[in-house]
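Everything on this sheet refers to the single structure shown next.
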Amino acid sequence: SQTIHQWPATLVQPVGSPLSLECTVEGTSNPNLYWYRQAAGRGLQLLFYSVGIGQISSEVPQNLSASRPQDRQFILSSKKLLLSDSGFYLCAWSPGNNQPQHFGDGTRLSIL
Amino acid sequence: AQSVAQPEDQVNVAEGNPLTVKCTYSVSGNPYLFWYVQYPNRGLQFLLKYITGDNLVKGSYGFEAEFNKSQTSFHLKKPSALVSDSALYFCAVRDMDSNYQLIWGAGTKLIIKP
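Taken in sequence, the protein lines are chains L and E.
All letters in the first sequence, in the order written, are residues 96 to 207 by the working numbering.
All letters in the second sequence, in the order written, are residues 231 to 344 by the working numbering.
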C-alpha cells in the first residue's frame, strides 16, 4: 500500500533562517505531489504542485520554493523565513489526474 | 468563477442523531466532488468522491454524500453520529481549468455532543 511521510512534525525557527521540509511517498510511482499551507486550522492554500521530476508549478508568489529531485520526493524550502510563514504545512500526493489526494500528517512551523 | 462553499462554520449534533454537513459548488461542466476529514494536528483523510453514477455515494466510517445537480450541492451525511466524528470537514471540487488541482471549501467544524 502507499504511504506518505512528512517531517519534521514540528519546527521552531527564527526569522531570517532557512527552511527545508521534506516529503516522501512510498508504494507508487510518478505521483502528482502537492504542498499546502493551512492557516489557523482552516482553509487550505495550495503553494506548489508537481506532475513529474523537476516540474514545479507555483500557485502563490512568496519567499518559498519547492523542488522534486526524485520521483517520490518533494521538498519545500526558503532561504529566509518571515513571520508570516508560520503555519501548518501539508504534503499530499495523488495517483493521477482527477484522483483523490492523500495527505501526510503535516509540519507545524512556528517562526519567532 | 469556480467555487466551493461550506455555508456552516460549525455544526453541533447530539450523539446518535443524524448529521449533515453542507457543501455547494459552482463549476462549469461535470463536477468531480470530494469530502475529506481532518482530526486535530493531523493531515486530511479522504472520505468519499463523486465522479459519475449514483447520486448517493458511500464512503469511509459510515459517511455518505448526496450529489444534487439541480441544487449544485454535495452534502455529507451520516445516519447516527458518534462523538469520534468530531473533526473538521472539507468539501472540494476538481478545478476545471486544471486536471491536477482541487478547489477547497473553507471547512466545517463538526461537534458531536454525548
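Note that the Cβ used here is the ideal one computed from N, Cα and C, for glycine as well.
All values derive from a computational prediction rather than experimental measurement.
Residue range of the beta strand (DSSP E) that residue i falls in?
i         : result
Ala-322/E : 317-324
Leu-170/L : The amino acid at residue 170/L is misidentified as Leu; the sequence shows Ile. It spans 168-173 - the beta strand (DSSP E) in which Ile-170/L sits, taken as one unbroken run.
Arg-163/L : 159-165
Val-241/E : 240-244
Leu-142/L : 139-147
Ile-333/E : 332-334
Thr-282/E : First-last for Thr-282/E: undefined, no H or E at that position.
Lys-288/E : 286-288
Of all Cβ atoms in chain E, is any one closer than 7 Å to the Cβ of residue i?
i         : result
Asn-193/L : yes
Arg-137/L : yes
Leu-128/L : no
Leu-185/L : yes
Phe-198/L : yes
Gly-201/L : yes
For residue i versus residue j, is the C-beta spacing smaller than 7 Å?
i         : j         : result
Gly-292/E : Lys-279/E : no
Ala-317/E : Phe-304/E : no
Asn-158/L : Ser-181/L : no
Val-323/E : Tyr-255/E : yes
Gly-138/L : Ala-336/E : yes
Gln-101/L : Asp-200/L : yes
Leu-142/L : Val-155/L : yes
Thr-105/L : Arg-203/L : yes
Leu-185/L : Gly-273/E : yes
When the cut-off is 7 Å and only beta carbons count, does residue i lie next to chain L?
i         : result
Leu-277/E : no
Trp-334/E : yes
Leu-306/E : no
Phe-264/E : yes
Tyr-330/E : yes
Gly-273/E : yes
Gly-283/E : no
Can you tell which of the options has its C-alpha closest to the C-alpha of residue i?
i         : options                                    : result
Asn-125/L : Gln-168/L, His-100/L, Arg-132/L            : Gln-168/L
Leu-312/E : Gln-232/E, Thr-250/E, Asp-239/E            : Thr-250/E
Leu-277/E : Asn-271/E, Pro-270/E, Leu-263/E, Asn-285/E : Leu-263/E
Ile-148/L : Leu-142/L, Arg-203/L, Leu-128/L            : Leu-128/L
Ser-160/L : Arg-203/L, Pro-109/L, Tyr-131/L            : Tyr-131/L
Leu-177/L : Leu-106/L, Ser-112/L, Trp-102/L            : Ser-112/L
Glu-117/L : Ser-205/L, Thr-123/L, Ala-187/L, Ile-206/L : Ala-187/L
Ala-235/E : Trp-334/E, Gly-273/E, Ile-341/E            : Trp-334/E
Leu-340/E : Gln-232/E, Val-241/E, Gly-259/E, Val-257/E : Val-241/E
Quick check: does the Cβ of residue i come within less than 6 Å of any heavy atom belonging to the ligand ADP?
i         : result
Ala-244/E : Ligands displayed in this structure: none; no statement on the ligand ADP is therefore possible.
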